[in-house]
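Here the working numbering is used: the first residue of the sequence shown is 1, the next is one more, and so on.
Idealized CB from N, CA, C, for every residue including glycine.
Given the structure is predicted, the values throughout are model-derived calculations rather than measurements.
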Amino acid sequence: MQKKTKSNNQLFSGFSALDTEQINRALAIIALIPEDPQYFRPKGVEVAAVLMDFNVDLDTILAAILSDPRLAHLNPKPNIKQQFGDTVATLVDDVNWLNKLTVYSLEMTDQPNQTETLRRMLLSMTRDVRAVLIKLAYRVQRLKVLPKESYELRRFIAQETLDIYAPIANRMGIHQLKWELEDMAFRYLKPQSYRRIAKSLTDNRVQRENCINGFIGLLKGKLAEEGILAEIYGRPKHIYSIWKKMRRKQLDIDELYDLLAVRVIVDNLTTCYATLGVVHSLWQTVPKEFDDYIANPKENGYQSLHTVIIDSDGNRIEVQIRTQQMHDFAELGVAAHWSYKEGGKHDAAIEKNIASLRKLLEETSSRKEGGDDVLAENFRSELFNDRVYVLTPAGKLIDLVKGSTPLDFAYAIHTEIGHRCRGAKVNGRIVPLTYALKSGEQVKILTAKEGGPNHNWIDPNLGYLKTSAAISKVKSWFKNQQQAQNIATGKAILDKESQRLGLKMLDLAELAKHFHQPDADKLLEAIGRSDINSRQLAAFFKVPELEAPPSVRLRSGQALQGKKPEAKSEVSVAGIDNVLTSFAQCCSPIQGNDIIGYISHKKGITIHRQDCENILHLDPEKQAQLISVNWGAKKARYVVPIVIHAFNSHNLLSDVTQILAQAKIHISNAALDTHPDFSALLNLSIQIENTDQLSQVLNKISQLPNIVDVKRKT
């Protein structure tokens with residue numbers, strides 16, 4: 001035990017006495033865990049040792065030690081918050097969550113959108129970005145002990161590393177971890193390719209080093225003669241990146257020119273081009289491999305001069321020339337770096353937080369007491385804080401705007417799922433459709449077989465929808481429904497006019513052309529919207545507005561003879577309801593309109609709306625033919641039983657009652673049966689005038705939140 005303690009003291013040297021005391025308390029807790037020779041997973045102390053190479057702060061080291069998975073088996077469990085403070089406790093919770101996460105599947109390898117969404121989810125759900133750094137160190141240790149695991153598990157862990165964790169390390173600018181993760185994962189996935197490349201690099205290492213050293217020595221001497229100060233060093237290539245380039249260019253390792261690479265850092269922009277001139281004057285160049293990313297920066301802002309030369313021995317060497325500022329941006333402006341490597345988008349929040357992490361990793365003075373207080377305050381993760389990432393029951397990740405609801409989720413899955421959504425379960429529990437989703441939750445949508453959205457869903461004050469895409473889909477649905485309703489109304493009006501005039505055939509194409517409509521549907525929609533009224537139709541048919549002749553000639557030239565049918569009156573004249581009447585074609589009055597009668601010499605009494613243009617502009621001598629009329633007796637009402645099935649009984653009766661009251665439908669009887677899971681059956685007896693009215697009210701009820709089904713009871 002004494003030897004182990006001494007080893008730990010050496011491992012964590014460099015901290016102040018006060019910090020060392022806290023580390024020792026954390027190590028004492030770990031020492032309580034019984035040794036298990038069969039335990040091959042990473043241990044907290046081993047992970048902390050990896051992080052020491054990055055000059056991290058005390059809280060990160062403590063959290064790495066105390067997030068050891070074996071602590072879960074201690075009884076009693078240590079109170080980390082009480083002993084080490086809120087920050088360490090938060091970090092430990094986040095790391096434990098990351099270590100237990102099981103969202104990834106091998107199928108995601110071929111689904112770039114899913115892997116990217118998972119990366120964003122991991123970054124969004126950690127409250128402190130240092131937890132991600134600790135997780136990456138855990139993954140390094142996990143890969144080191146992977147040979148002791150089964151082939152299937154090795155393949156799974158290695159592929160997950162390449163798909164998720166290496167890109168995150170790259171995104172965070174921690175290139176040392178990125179390369180280590182990639183090379184170790186590649187070794188498990190492609191062992192033969194790994195060994196072949198590694199052997200080739202080993203066999204040629206001395207030759208490469210001599211080549212690079214000779215190039216650097218010659219360039220330094222020439223730059224010194226020109227009075228140019230520069231930092232020059234070889235840039236190592238890693239096995240996985242070599243393999244990727246071999247595949248991309250369809251070349252063998254011996255044919256790759258940029259296994260030899262040198263980076264030159266100079267003081268200013270002018271010196272970059274001066275250095276390039278020196279390089280090109282000393283060696284033969286490969287013109288097609290020259291790129292001026294200073295004059296033409298990449299979309300992410302990356303700047304550098306790239307050129308390839310051929311030395312006296314025929315070796316190709318890639319040379320990158322940049323200023324220190326450009327180099328800092330390339331290395332520390334991590335958002336830009338990962339944008340062009342991984343195809344992501346620039347995000348100011350990422351750059352801000354990652355820059356803080358890089359600063360903390362590289363600031364050696366941060367270990368001084370109180371030296372990192374301000375930096376730590378800015379260390380809370382703001383990565384993707386405007387997004388939430390939730391899962392379908394099948395494990396697919398859905399990326400949504402923060403504040404999104406189950407209804408937003410439903411529309412993100414499929415438009416029809418959204419339209420028919422009537423309820424939702426989050427992590428197996430029924431929630432309101434206005435529930436604000438949280439990252440990592442699993443959502444199941446409950447749908448009705450038929451039905452559409454509710455007008456309440458697009459009311460911003462009610463909180464049903466957050467995403468603009470979902471709101472747009474709901475509005476489009478209502479627009480299409482209104483369009484279909486207008487077409488149906490227009491067809492009914494046109495049919496009524498045809499029957500009234502005794503026409504057996506209408507040329508809709510000619511009628512549409514006359515009213516400047518592109519097709520028959522647009523014509524019917526315009527009639528249904530009253531953009532084209534009965535008076536205009538009468539003018540087309542060449543029929544006088546107040547008295548139609550017994551025959552009408554269509555514009556197509558076909559004459560149809562027939563006496564206009566006369567309907568039994570649906571109105572009463574002077575209290576008498578069996579007077580022969582007909583409805584005027586110019587204004588098409590319907591029950592509920594204020595009406596007036598016109599005594600016709602040929603057709604009895606023609607019924608007009610009181611605001612009909614023909615009545616308002618009637619000649620004074622004809623005004624004597626006007627007579628007061630009223631709608632006939634009220635229509636009969638029938639008692640109809642209906643049954644409503646809902647996921648949730650909350651406000652069910654009051655919502656349904658409100659719809660019926662607005663429709664002026666009386667309730668004769670009501671019975672509500674609720675169940676332990678909060679679902680409910682509502683049986684109602686309502687007084688209905690006709691089937692159209694019944695259909696309309698059932699449709700409105702079906703659009704209420706949480707409704708599964710509503711139908712007439714048989």
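**Message:** Is it buried or exposed, ALA131, if we count other Cβ atoms within 10 angstroms and call 16 or more buried?
**Reply:** Looking up residue 131 in the sequence shown gives position 131. It counts as buried.
**Request:** Determine the DSSP secondary structure at LYS444, reduced to helix, strand or coil.
**Result:** Within the sequence shown, numbered from 1, the residue matching residue 444 stands at position 444. LYS444 falls in the strand class under three-state DSSP.
**Prompt:** What's the gap between the Cα of GLN733 and the Cα of ILE493?
**Reply:** With the chain represented from 1 up to 714, any question about residue 733 goes unanswered, as that position is not in the structure.
**Prompt:** With respect to the alpha helix (DSSP H) encompassing PHE540, which residues constitute its N-terminal and C-terminal limits?
**Reply:** For this step, residue 540 is matched to residue 540 along the sequence shown. Start and end: 534 to 540.
**Request:** Can you check DSSP and say which residues form a bridge with ALA709?
**Result:** Numbered from its first residue, the sequence shown carries residue 709 at position 709. Looking at the sequence shown, residue 709 is not Ala but Asp. Paired residue(s): HIS645.
**Message:** Is the beta carbon of ILE595 closer than 7 Å to that of ILE607?
**Reply:** As a working mapping, residue 607 is identified with position 607 in the sequence shown. As a working mapping, residue 595 is identified with position 595 in the sequence shown. Contact: yes.
**Residue range of the beta strand (DSSP E) that includes CYS612** = Along the sequence shown, one-based indexing puts residue 612 at 612. CYS612 -> no beta strand (DSSP E), and no H or E assigned at all.
**Item:** Spatial distance of VAL95 from PRO112 (CA atoms)
**Value:** Position 95 of the sequence shown, counted from the start, is the residue given in the question as residue 95. Position 112 of the sequence shown, counted from the start, is the residue given in the question as residue 112. Straight-line measurement puts the Cα of PRO112 at about 25 Å from the Cα of VAL95.
**Prompt:** Are there 16 or more other CB atoms within 10 angstroms of the CB of TYR598, so buried, or fewer, so exposed?
**Reply:** Position 598 of the sequence shown, counted from the first residue, corresponds to residue 598. That one is buried.
**Request:** Can you say whether GLY715 is buried or exposed, counting buried as having 16 or more other CB atoms within 10 angstroms of its CB?
**Result:** Any property of residue 715 remains undetermined from this structure, which presents the chain solely from 1 to 714.
**Asked** For TYR104, is the classification buried or exposed, using 16 other Cβ atoms within 10 angstroms of its Cβ as the cut-off for buried?
**Response** Counting from one through the sequence shown, the residue named residue 104 turns up at place 104. TYR104 is buried by the Cβ-count criterion.
**Asked** Using the rule of at least 16 other Cβ atoms within 10 Å of the residue's Cβ for burial, across every protein chain shown, is PRO453 buried or exposed?
**Response** Taking the sequence shown and counting its residues from 1, one reaches residue 453 at position 453. PRO453 is buried by the Cβ-count criterion.
**Request:** Decide if LYS178 is buried, meaning its Cβ has at least 16 other Cβ atoms within 10 Å, or exposed.
**Result:** By 1-based counting over the sequence shown, the position of residue 178 is 178. Around the beta-carbon of LYS178, 16 or more other beta-carbon atoms lie within 10 Å, marking it buried.
**Prompt:** Is DSSP giving ALA436 helix, strand or coil here?
**Reply:** Within the sequence shown, numbered from 1, the residue matching residue 436 stands at position 436. Of the three classes helix, strand and coil, the one that applies to ALA436 here is coil, per DSSP.
**Prompt:** Leaving out the 5 sequence neighbours to the left and right, which residues in its chain are closer than 7 Å to ARG139 when beta-carbon positions are compared?
**Reply:** Position 139 of the sequence shown, counted from the first residue, corresponds to residue 139. For ARG139, the CB contacts under 7 Å within the same chain, skipping 5 residues up- and downstream, are THR161, TYR165 and LEU181 in chain order.
**Request:** Give me the Cα-Cα distance between VAL92 and PRO42, rounded to the nearest whole angstrom.
**Result:** One-based indexing of the sequence shown puts residue 92 at position 92. One-based indexing of the sequence shown puts residue 42 at position 42. Each residue's CA atom was taken as its position, placing VAL92 and PRO42 some 15 Å apart.
**Request:** For ILE29, count neighbouring C-beta atoms within 10 Å of its own C-beta (all shown protein chains included) and say buried if the count is 16 or more, exposed if not.
**Result:** Position 29 of the sequence shown, counting from 1, holds the residue named residue 29. With 16 or more other Cβ atoms within 10 Å, it is buried.
**Prompt:** Given 8 Å as the limit, is there contact between the region 408 to 416 and the region 118 to 125, that is, 3 or more CB pairs closer than that?
**Reply:** Result no; under three Cβ-Cβ pairs closer than 8 Å.
**Message:** How far does the beta strand (DSSP E) with ARG127 in it extend, from its first residue to its last?
**Reply:** Translated into the one-based positions of the sequence shown, residue 127 becomes position 127. If you look at ARG127, you'll find it isn't in any beta strand (DSSP E); DSSP assigns it neither H nor E.
**Prompt:** Hey, LEU218 and CYS272 are a contact pair by Cβ (cut 8 Å); roughly how many whole angstroms apart?
**Reply:** Locating residue 218 in the sequence shown gives position 218, where the first residue counts as 1. Locating residue 272 in the sequence shown gives position 272, where the first residue counts as 1. For a cut-off of 8 Å, the C-beta gap from LEU218 to CYS272 is around 19 Å, too long to register as a contact.
**Item:** Integer Cβ distance of PHE215 from VAL286, believed to fall under 8 Å
**Value:** One-based indexing of the sequence shown puts residue 215 at position 215. One-based indexing of the sequence shown puts residue 286 at position 286. Not quite, the Cβ-Cβ distance comes to about 15 Å (not below 8 Å), so this is no contact.
**Item:** Limits of the unbroken alpha helix (DSSP H) element including ILE659
**Value:** Against the sequence shown, residue 659 aligns to sequence position 659. It spans 652 to 662 - the alpha helix (DSSP H) in which ILE659 sits, taken as one unbroken run.
**Request:** Grab me the residues of VAL629's own chain with a C-beta within less than 8 Å of its C-beta, minus the 5 sequence neighbours each way, in chain order.
**Result:** For the purposes of this step, residue 629 is taken as the residue at position 629 of the sequence shown. Within the same chain, VAL629 has close Cβ partners VAL571, SER572, VAL573, THR581, ILE595, ILE596, GLY597, ILE605 and ILE607.
**Message:** For VAL640, tell me which candidate among ASP252, ALA670, ILE527 and VAL145 has the shortest Cα-Cα distance.
**Reply:** Within the sequence shown, numbered from 1, the residue matching residue 640 stands at position 640. Checked all of ASP252, ALA670, ILE527 and VAL145; the closest Cα to VAL640 is ALA670.
**Where GLU525 falls, given that 16 or more other Cβ within 10 Å makes a residue buried** = Counting from 1 along the sequence shown, the entry for residue 525 is found at position 525. Answer is buried; the Cβ neighbour count reaches 16.
**Prompt:** Since GLU209 is in the alpha helix (DSSP H), which residue starts that stretch and which ends it?
**Reply:** Taking the sequence shown and counting its residues from 1, one reaches residue 209 at position 209. Annotation for GLU209: the continuous alpha helix (DSSP H) segment containing it runs 205 to 225.
**Message:** With H, G and I counted as helix, E and B as strand and the rest as coil, what does DSSP make of ASP94?
**Reply:** Taking the sequence shown and counting its residues from 1, one reaches residue 94 at position 94. Helix, per DSSP.
**Asked** Starting from SER281 and walking both ways along the alpha helix (DSSP H), at which residues does that stretch end?
**Response** Working through the sequence shown from its first residue, we reach residue 281 at position 281. For SER281, the enclosing alpha helix (DSSP H) starts and ends at 269 to 282.
**Message:** Using a Cβ-Cβ cutoff of less than 7 Å, which residues in the same chain neighbour ILE309 once the five nearest sequence positions on both sides are dropped?
**Reply:** Within the sequence shown, the letter at position 309 stands for residue 309. Only VAL279, TRP283, GLN284, THR285, ILE317 and VAL319 meet the Cβ criterion.
**Prompt:** Who are the Cβ neighbours of ASP292 in its own chain at under 7 Å, not counting the five residues just before and after it?
**Reply:** On the sequence shown, position 292 is the one that residue 292 refers to. Within its own chain, the residues whose Cβ lies closer than 7 Å to the Cβ of ASP292, once the five positions on either side in sequence are excluded, are LEU305, listed in chain order.
**Request:** Grab me the residues of PHE84's own chain with a C-beta within less than 6 Å of its C-beta, minus the 5 sequence neighbours each way, in chain order.
**Result:** Here residue 84 corresponds to residue number 84 of the sequence shown, with the count starting at 1. LEU62.
**Request:** Over the uninterrupted beta strand (DSSP E) stretch that includes ILE174, give me the two end residues.
**Result:** Residue mapping note: residue 174 aligns to position 174 of the sequence shown, counting from 1. Note, ILE174: premise wrong, no beta strand (DSSP E); not H, not E.
**Asked** Can you tell me the Cα-Cα spacing of ASN210 and LYS237, whole angstroms?
**Response** Indexing the sequence shown from 1 puts residue 210 at position 210. Indexing the sequence shown from 1 puts residue 237 at position 237. Rounded to the nearest whole angstrom, the CA to CA distance from ASN210 to LYS237 is 16 Å.
**Prompt:** Residues bridged to GLY423 by DSSP?
**Reply:** As a working note, residue 423 is residue 423 in the sequence shown. Assignment of beta-bridge partners to GLY423 by DSSP yields LEU446.
**Request:** Specify the secondary structure class of THR307 as computed by DSSP and reduced to three states.
**Result:** Taking the first residue of the sequence shown as 1, we reach residue 307 at position 307. Strand, per DSSP.
**Request:** Indicate whether the contact test is met: 3 or more Cβ pairs, each with one atom in the region 657 to 667 and one in the region 609 to 628, closer than 8 Å.
**Result:** With the cut-off at 8 Å, the region 657 to 667 and the region 609 to 628 do not touch.
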